[in-house]
Structures are given as structure tokens and as C-alpha cells.
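Number of protein chains: 4
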Amino acid sequence: MDTAALPTKDRLIRAAAKLFRTHGYHGVGLNDLLSEAAAPKGSLYHHFPNGKADLAIAAATWASDEMLRVIAASFAEAETFEDGATTLCFKLAKLFDLTGQQDGCPIGSTLFEGPGNAGFLEYADRCYSGWIAEVHDHASRFGLDAAEAGRRAEHLFLLIQGGWQLARARRSSDVLRSLPALLEMQPQTTIAPA
Amino acid sequence: MDTAALPTKDRLIRAAAKLFRTHGYHGVGLNDLLSEAAAPKGSLYHHFPNGKADLAIAAATWASDEMLRVIAASFAEAETFEDGATTLCFKLAKLFDLTGQQDGCPIGSTLFEGPGNAGFLEYADRCYSGWIAEVHDHASRFGLDAAEAGRRAEHLFLLIQGGWQLARARRSSDVLRSLPALLEMQPQTTIAPA
Amino acid sequence: MDTAALPTKDRLIRAAAKLFRTHGYHGVGLNDLLSEAAAPKGSLYHHFPNGKADLAIAAATWASDEMLRVIAASFAEAETFEDGATTLCFKLAKLFDLTGQQDGCPIGSTLFEGPGNAGFLEYADRCYSGWIAEVHDHASRFGLDAAEAGRRAEHLFLLIQGGWQLARARRSSDVLRSLPALLEMQPQTTIAPA
Amino acid sequence: MDTAALPTKDRLIRAAAKLFRTHGYHGVGLNDLLSEAAAPKGSLYHHFPNGKADLAIAAATWASDEMLRVIAASFAEAETFEDGATTLCFKLAKLFDLTGQQDGCPIGSTLFEGPGNAGFLEYADRCYSGWIAEVHDHASRFGLDAAEAGRRAEHLFLLIQGGWQLARARRSSDVLRSLPALLEMQPQTTIAPA
DNA sequence: CATGAATGAGCGTTCATTCAT
DNA sequence: AATGAATGAACGCTCATTCAT
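Chains as they are written, first to last, in full-length UniProt numbering: chain A, 1 to 194; chain B, 1 to 194; chain C, 1 to 194; chain D, 1 to 194.
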């Protein structure tokens with residue numbers, strides 16, 4: 001993705017999304033941001049009057065929307081919920097590899113440590129709810145009742161979050177690809193007691 | 001837990017574990033650390049010659065050991081794996097509430113953004129492996145074969161990590177208490193302790 | 001005084017006069033000025049090509065003219081020089097209270113610290129000379145000879161300047177009301193109007 | 001006065017006193033201060049934890065004490081109150097010339113525009129009260145009763161403040177030397193009506 | 001073993017100004 | 001005549017670290 005042609009504001013948002021995700025809110029300086037975005041110092045406050053915090057919200061919004069697109073694309077052509085979930089996890093694994101095997105959840109990295117903590121957490125909650133709702137919708141589309149759809153959507157969300165954490169520590173995307181196997185709950189399977 | 005009586009080094013470690021977990025590695029300044037630990041200005045580099053990075057490793061070590069203790073205590077008196085997992089999740093929920101409903105994984109918060117990134121991630125991996133191995137051991141003790149024990153241990157780990165993230169965004173420990181229900185994939189099967 | 005209906009340029013001048021007087025030339029940013037004046041961003045350099053410095057001169061001019069009007073009004077209906085001086089001091093005390101008990105000499109606050117220091121000081125001198133001349137004229141009108149009129153005019157000027165300083169520190173207008181007593185050096189003498 | 005041999009903290013205080021007096025609190029940047037004091041950037045916050053505001057208070061304190069010394073020295077060898085007041089005004093005129101003919105009241109310039117405005121004004125009031133009290137003491141020593149001593153002390157204070165303002169605008173110390181003439185209140189003098 | 005004074009690079013932010021429209 | 005987007009220098013301040021004692 002060549003960002004050089006984008007307007008300054010968008011270059012700032014993408015630079016922020018990228019850097020915050022890897023180094024966390026406090027781990028990224030404005031100078032890092034500005035040089036990554038090839039933007040002059042003064043323009044940050046022109047586009048984001050409240051500075052770094054505003055930019056973090058914008059970056060989180062952009063990253064959250066990207067995630068919604070990945071979810072939608074994964075389930076769009078799926079024939080079962082498991083299919084969609086598997087595609088999603090594999091897509092995320094591929095993205096994890098592409099971005100250097102060191103990125104966690106873009107929302108958490110960006111918003112969990114910010115200064116306007118209360119507002120940041122609230123906004124993270126909204127993003128997460130959006131993701132879960134999107135998965136929920138697809139689960140419903142496959143015929144699951146509301147309770148089961150909700151349960152599965154949250155389960156998948158939690159596994160992905162946990163997967164990001166573990167993949168990051170292991171510097172390996174394999175854990176993300178192994179998530180679907182944990183999601184499959186086949187009531188017909190029995191495990192023999194020891 | 002009254003930390004006032006502890007030696008300076010331990011007070012520093014606990015202060016670091018507490019603050020890093022909430023605000024992340026870069027979100028905590030040495031002044032914050034020193035004043036939280038009620039430690040004199042110069043003592044940090046006396047006890048931790050490499051400074052903040054050393055302290056972060058020590059804090060992660062301490063936090064990881066605490067987690068191992070919580071895991072051990074949860075499974076010690078359990079009659080089934082599900083029992084132990086449930087106890088663990090409830091204990092973590094309680095701790096989450098006690099520490100202000102804003103703390104995520106103590107290892108990830110402390111080590112994922114550090115400067116010596118490579119070494120930090122490696123160390124995080126070791127901590128995580130230790131947690132999973134501890135759960136694995138208990139699963140084996142309850143008669144699960146190695147593959148199933150590994151699968152369940154990792155599943156629980158991932159759910160807890162995801163649970164911490166979601167609980168943090170929602171500022172609610174409820175999600176942690178709901179994790180065991182997602183873990184039980186074969187409700188009809190009971191597993192006898194070994 | 002409702003300034004909303006005034007043209008932008010006048011709103012800028014009054015906003016500048018108000019803010020410079022309280023916070024000093026360097027203590028007021030263009031943003032403060034623009035928002036106090038409810039003026040659009042670009043309009044400052046339209047009306048004042050040399051920017052802040054031009055505006056400061058305009059504000060000082062306006063404030064100086066206001067002071068001349070207050071002096072004139074105070075002496076206009078006076079029957080003696082002391083009468084006029086007393087009225088003036090009481091009017092200034094009232095204005096001091098109305099504007100928040102924190103304002104000093106509008107000229108000094110605006111011009112003494114500016115960047116084009118030489119020109120600013122020269123202009124301040126002209127303003128001050130104007131005030132003293134105005135008082136001198138009234139003193140002459142009451143029959144004082146040139147030397148005595150000059151002496152009294154300067155004495156009153158100095159007391160008012162000192163009074164503004166002390167009133168500001170004490171946040172009290174009382175000192176301004178006490179000035180006439182210091183001016184009266186020959187209580188037994190009455191001076192007939194010319 | 002060679003300040004090079006003084007400790008860093010004192011060099012900072014003197015640099016601040018000098019620069020604030022000429023350019024005002026907001027007109028002086030930390031870089032100006034630091035280079036005038038030949039001090040490294042980090043040491044300012046070592047000596048003055050609250051930064052510029054702390055330094056301003058320290059500078060005002062030092063300047064106020066200097067003024068008290070000048071007052072004391074002026075009255076110490078005086079034979080009458082008028083003598084002392086005259087010596088004081090002449091000393092101040094000399095200092096005015098020595099420091100570039102552009103300095104006003106060191107307290108007002110430093111404290112009237114600061115950010116911690118309330119505290120700054122309060123402190124300025126205390127300084128001014130100290131000066132007035134010092135003059136009052138000398139007046140009493142010359143046999144004036146409390147009311148007259150207070151009246152004369154405040155009168156002299158106001159004239160000096162006004163004198164500083166006018167001297168600054170005129171870039172001339174003459175006005176300071178003319179103050180004693182205004183202070184002389186000879187009840188026996190009568191002015192003939194016109 | 002333990003301390004706190006000292007430091008300069010870098011922080012996030014605001015500044016007065018320019019200029020194309 | 002009137003505007004607001006854009007800018008880089010400077011702002012006051014905090015940082016992790018060093019070192020003499």
C-alpha cells in the first residue's frame with residue numbers, strides 16, 4: 001500500500017495506526033509519527049487539534065474499520081460459520097506475518113494506556129462491540145440462534161485476542177491458524193475417562 | 001499487602017509490576033516508579049544496573065510467578081479440570097476488580113513494547129510457556145492425554161488473555177467469569193481425576 | 001458594552017486591549033485574541049499586516065484614547081483641580097473593579113515588553129505625554145501657572161501608575177481611591193477656578 | 001557583579017531576575033534564561049521542581065530583598081526622612097541607568113502576568129508590603145507618628161512605582177530623581193490663588 | 001551499599017506567521 | 001477584502017541515565 005499519494009491527514013492516521021500497534025501509545029513519539037508520515041510538525045495540530053490523543057482515536061477508528069472489513073470479507077463467501085472463522089484467522093495470521101510478527105490488537109495497543117484513559121477505554125469497548133456484533137450477524141445468517149451466535153462471536157473474539165498476544169510473544173503466526181480448532185464444539189465427541 | 005516493610009528492591013519490583021501493568025512500559029516514568037515505591041532517587045540503578053529494562057524483567061518475573069501461584073492454588077483443590085479452570089477464572093476476576101478494573105496481562109503490558117524488544121519478547125514467551133505448562137501438568141493429573149492436555153491448557157490461556165483484554169475495555173470482570181463456559185466443549189462428559 | 005455588532009477590526013482591537021492589559025503582550029496568543037474577538041483565523045493579518053505588533057499599537061492607541069476621555073470627563077464638571085483628580089481616581093477605581101481587579105496600566109502592559117522594543121517604548125511615551133498634557137490643560141484652566149500645573153499633572157500621573165500597580169497586587173481598588181489625599185499637599189489652600 | 005563563580009542555582013535566580021524585569025514573565029523563554037545563566041537545561045528543574053513559576057518566585061524574592069537593602073542603605077545614614085527618600089530615589093535612578101534604562105518594577109514585571117496568577121499576586125503583595133513597612137520603620141525612627149509614617153511610606157512607594165513606569169517610557173532616569181520634590185509636603189507653604 | 005545532584009536529548013504542544021484561494 | 005489551511009521554530013517540561021560522594 002503506497003501511502004505517499006494520500007493527503008497528509010490520512011498519512012498521519014496510517015502512520016499512527018502502524019506505529020501505535022507495534023510500540024503502544026506511549027512508545028511512539030510525535031517525531032516518529034511525523035517522519036513515518038512524512039508530515040511537517042505543525043500539520044499534526046492542524047488536523048488533530050487535541051494532538052496525540054485525537055490522532056490515537058482516529059488511528060483506532062481506522063484500524064477498527066479495517067478489522068470489520070476483514071471480518072466481512074472472511075465470512076462473505078463462507079458456507080459455514082466455521083468456514084468464515086477459519087478464513088478470518090488465516091487472514092489475520094497472514095497480516096501478522098506481513099507486518100513483522102510483532103503486532104497485537106490495534107485497539108488495545110493504541111487505546112489501553114492513553115492519557116484520557118476513561119474516554120479511550122470507552123472507545124475501545126465500542127470498537128470491540130462492533131467486531132463482536134459483526135461476527136454475531138454472520139453467525140445468525142448461518143442459522144444459529146441469538147444465544148449461540150453471541151456465544152460463538154464472543155468466543156472467537158477472545159481467541160483472536162489471546163492469539164494475538166501469544167503470537168506476538170512467540171513471533172509466530174501459527175497460533176492464529178490453530179484457533180479455529182479450539183472453536184469447534186462438537187457435542188457428539190466424547191472423551192473417554194482415564 | 002503492606003509493602004512498606006519490604007526491602008527497597010522488592011518495593012521497586014512490586015511498584016513496577018503494578019504500574020507497568022496498568023500504564024505499559026513506556027507509560028511509566030522512573031519518577032512514578034520511585035515515588036510509588038517510596039524509594040530514594042539513586043537506588044534504582046543500584047539494584048538494577050541496566051535501569052528500567054532490568055526492572056521490567058524483574059517485575060515481569062515476579063508477576064509471572066504470582067500467576068503461577070494463582071494457577072497452582074486454583075487447581076490444587078479442584079476435583080476436575082473444569083473445576084480448576086473455573087476457580088482460576090474467578091480468582092482472576094476478583095483480582096481484576098481489586099486492582100481497579102484496568103489491568104491487562106502483566107507480562108504483555110510490561111514486555112511487549114520495551115526497547116530491547118527481542119529479549120523482552122523472548123522472555124514473555126518463556127513466561128507464557130510456563131503458565132501453559134503449569135496448566136498442562138494439572139490437566140495431565142486429571143487423566144487427559146498429552147495432546148488433549150496441551151490443547152486445553154492453550155485454550156484456557158488464550159481465553160484468559162482475551163478475557164483480560166475485553167474485561168479491560170468493558171471495565172468489568174464478568175467476562176472473566178464467563179470464560180469457563182466457553183472452555184467446556186463436551187458438557188456431557190465428566191472426567192475423573194487421575 | 002456589546003462588541004458583537006462592531007466590525008471585525010474593532011473587535012480585534014478591543015479584544016487585544018482587554019487581554020494585553022491583563023496578561024501582557026507576550027502572555028496573549030493570537031488564538032486567544034482571535035477567539036476573544038470571535039474573528040476568523042485569517043483576518044488578523046488582513047487588518048494588521050504586521051501582525052501582533054500592529055495590533056498592540058492599535059490596542060494601545062484605543063486604550064490611551066479611552067483614558068483621555070475618562071480624564072476629560074472627570075475634569076469637565078469639576079470645580080477645582082482636586083475635584084477633578086478625585087473624580088478621575090474614583091472612576092479608575094470603578095473600572096478596576098469592573099474589569100476583574102487585575103488590570104494595570106493599559107499602555108505599560110501592552111507596550112513595555114514588545115519585540116520592537118524601541119518603537120513600542122517611544123509610542124508609550126507619547127501616550128503618557130498625552131495623558132499628562134490633558135491633565136496639565138485642566139490644571140491651567142483652574143488657574144495654576146505652567147510650572148505648578150506641570151508638577152501637579154505629573155504627580156497625579158505617577159500616583160495613578162503607582163496606584164494601578166499596588167491595586168493589582170492587593171486586588172483592591174481602595175488604593176486608587178486614596179490617591180487624591182496624597183495629592184493634596186496644601187490642605188489649607190483653596191484654588192479658585194479660572 | 002561577576003556571577004560566573006556563583007552556584008548554578010544562584011546564577012539562575014539572577015538571570016531570571018534580570019530578564020524577567022526587562023521582558024516580563026512570558027517574554028522570557030527557558031532558553032534565554034539558561035543561556036544567560038550558562039546553565040544546562042536539566043538543572044533548572046533540579047533546582048526548581050515547578051519550573052519557570054518557581055524560578056519567578058525565587059527571582060522576585062531575590063529582587064525584593066535587594067530593594068529592601070537599597071532602602072535600608074538609603075535611610076541608614078539619612079538625617080531626615082526627606083534625606084533618605086531622596087537618596088533612595090537617586091540610587092534607583094543610578095541603577096536604572098546601569099541596567100539599560102528599560103527596567104520597571106522587578107516584582108510587577110515578574111509576577112503580574114504569571115500563570116499561577118493568584119499565588120503570584122499574593123506574593124507580589126507581600127513583597128510590596130515589605131518595602132512599605134521598611135520605609136515606614138525609618139519614618140517612625142525620624143519621629144513621625146504611625147499615621148503620617150504610613151502615609152509617607154505609601155506615598156513614596158507609589159511615586160517610585162509610577163517613576164519606574166514613566167522612566168521606562170522616557171528611557172530616562174530623570175523622573176526618578178524628581179520624585180522627592182513631589183513628596184515634600186510643607187503645610188506651611190501656601191499657594192496664592194490665581 | 002546507598003544516595004541525590006546533575007544532565008541534555010527528547011517529549012507533546014503552542015507560537016506567530018505565510019499564502020493560496 | 002477576507003479567509004482558513006499549513007508550517008517549522010520555539011515553547012515549558014519530563015525523560016532515563018550518570019556519577020561523585
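Ideal Cβ placement from N, Cα and C applies to all residues, glycine included.
| field | Bounding residues of the alpha helix (DSSP H) (the contiguous stretch that carries Cys89/D) | value | 81-98
| task | Helix, strand or coil for Phe120/C, going by three-state DSSP, please let me know. | result | Helix.
| said: Suppose the cutoff is 7 Å on Cβ atoms and the five residues either side in sequence are ignored; what does the same chain contact list for Phe142/A look like? | reply: Thr80, Phe81
| message | Check whether chain A comes within 7 Å of Ala60/B, counting only Cβ atoms and requiring the distance to be less than that. | response | Cβ-Cβ to chain A under 7 Å: no for Ala60/B.
| field | Burial state of Leu179/A, where buried means 16 or more other Cβ atoms lie within 10 Å | value | buried
| Shorter than 7 Å from the beta carbon of Glu66/D to some beta carbon of chain C? | no
| task | May I have the straight-line CA-CA distance separating Ala59/D from Gly119/B, to the nearest angstrom? | result | 49 Å
| request: In angstroms with no decimal places, state the Cα-to-Cα distance between Val175/B and Tyr123/A. | output: 18 Å
| query | Checking contacts by CB at 7 Å: is Leu182/A closer than that to chain B? | reply | Residue-level contact check: Leu182/A touches chain B, since one or more beta carbons of chain B fall below 7 Å from its beta carbon.
| request: Within its chain, find whatever has a CB closer than 7 Å to the CB of Cys105/C; leave out the 5 residues flanking it on each side and keep chain order. | output: Gln161, Trp164
| task | Please list the partners that Arg170/B has in chain A, where partner means a Cβ-to-Cβ separation under 7 Å. | result | Per Cβ cutoff of 7 Å: Asp125.
| query | Using the beta-carbon of each residue, which ones in chain C are nearer than 9 Å to residue 195/D? | reply | Only positions 1 to 194 of chain D appear in this structure, which leaves residue 195/D out of reach.
| said: Against Gly51/D, what residues of chain C qualify as contacts under a CB-to-CB distance less than 9 Å, listed in chain order? | reply: Near Gly51/D there are no residues of chain C at all, since even the closest Cβ is about 16 Å away, more than 9 Å.
| message | When you compare the CB positions of Ala158/D and Leu159/C, do they come within less than 7 Å of one another, or not? | response | With the sequence shown as reference, residue 158/D is identified as Leu, and Ala is not the correct amino acid for it. Yes, these two residues count as a Cβ contact at 7 Å.
| said: Using a 10 Å radius around the Cβ and a threshold of 16 neighbouring Cβ atoms, would you call Leu35/C buried or exposed? | reply: The sequence shown places Ser at residue 35/C, rather than the Leu named in the question. Answer is exposed; the Cβ neighbour count stays below 16.
| query | Residue range of the alpha helix (DSSP H) that Leu166/B falls in? | reply | For Leu166/B, the enclosing alpha helix (DSSP H) begins and ends at 146-170.
| Ala76/B to Trp62/B, Cα distance in whole Å? | Per the coordinates, the alpha-carbon of Ala76/B lies some 21 Å from the alpha-carbon of Trp62/B.
| Looking at C-alpha atoms only, which residue of Asp97/D, Ala181/D, Gly130/D is the closest neighbour of Met67/D? | Gly130/D
| request: Say whether chain D places a C-beta atom closer than 7 Å to the C-beta of His138/C. | output: No, His138/C does not count as interfacial toward chain D.
| said: Considering only their Cβ atoms, is the gap separating Leu44/B from Ala15/B smaller than 7 Å? | reply: no
| request: State yes or no: is the beta carbon of Leu159/D nearer than 7 Å to at least one beta carbon in chain C? | output: yes
| Contact set between the region 90-114 of chain D and chain C, restricted to residues whose Cβ is under 9 Å from the partner | Residues of the region 90-114 of chain D with a Cβ closer than 9 Å to any Cβ of chain C, in chain order: Gln102, Gly104, Cys105, Ile107, Gly108, Ser109, Leu111, Phe112, Glu113, Gly114.
| message | With distance defined between alpha-carbon atoms, name the residue in Gly24/A, Ala72/A, Ile71/A, Gly100/A nearest to Lys52/A. | response | When each option's Cα is compared against that of Lys52/A, the closest is Gly24/A.
| Given a threshold of 16 other Cβ atoms within 10 Å of its Cβ, counted over all protein chains shown, does Ala181/C qualify as buried or as exposed? | exposed
| field | Cβ shell of Ala93/A (< 6 Å), same chain only, five flanking positions each side left out | value | Cβ contact annotation for Ala93/A (same chain, cutoff 6 Å, sequence separation greater than five): Ser173, Leu176, Arg177, in chain order.
| task | Give the interface partners of Gly163/B over in chain A, defined as CB-CB distance under 7 Å, in chain order. | result | Leu158
| As assigned by DSSP and simplified to three states, the class of Val28/C | Note: Val28/C maps to coil in three-state DSSP.
| Which whole-angstrom value describes the C-beta separation of Leu183/B and His155/B, a residue pair presumed to lie in contact below a C-beta threshold of 8 Å? | 6 Å
| query | Exposed or buried, which one is Lys18/B when buried takes at least 16 other CB atoms within 10 Å? | reply | buried
| Out of curiosity, what's the CA-to-CA distance linking Asp10/A and Ser109/B? | 28 Å
| task | Pick helix, strand or coil for Ala63/A, following the three-state DSSP scheme. | result | Of the three classes helix, strand and coil, the one that applies to Ala63/A here is helix, per DSSP.
| Min CB distance Leu33/A to chain B below 7 Å | no
| query | Hey, does Gly29/D have any beta-carbon neighbour from chain C nearer than 7 Å? | reply | no
| message | Quick check on DSSP: helix, strand or coil for Leu6/A? | response | In the three-state scheme derived from DSSP, where H, G and I count as helix and E and B as strand, Leu6/A is classed as coil.
| said: I want to see whether chain C comes within less than 7 Å of Gly24/D, judged by CB atoms only; does it? | reply: yes
| field | Straight-line Cα distance separating Phe20/B from Val28/B | value | In a straight line, the C-alpha of Val28/B is about 6 Å away from that of Phe20/B.
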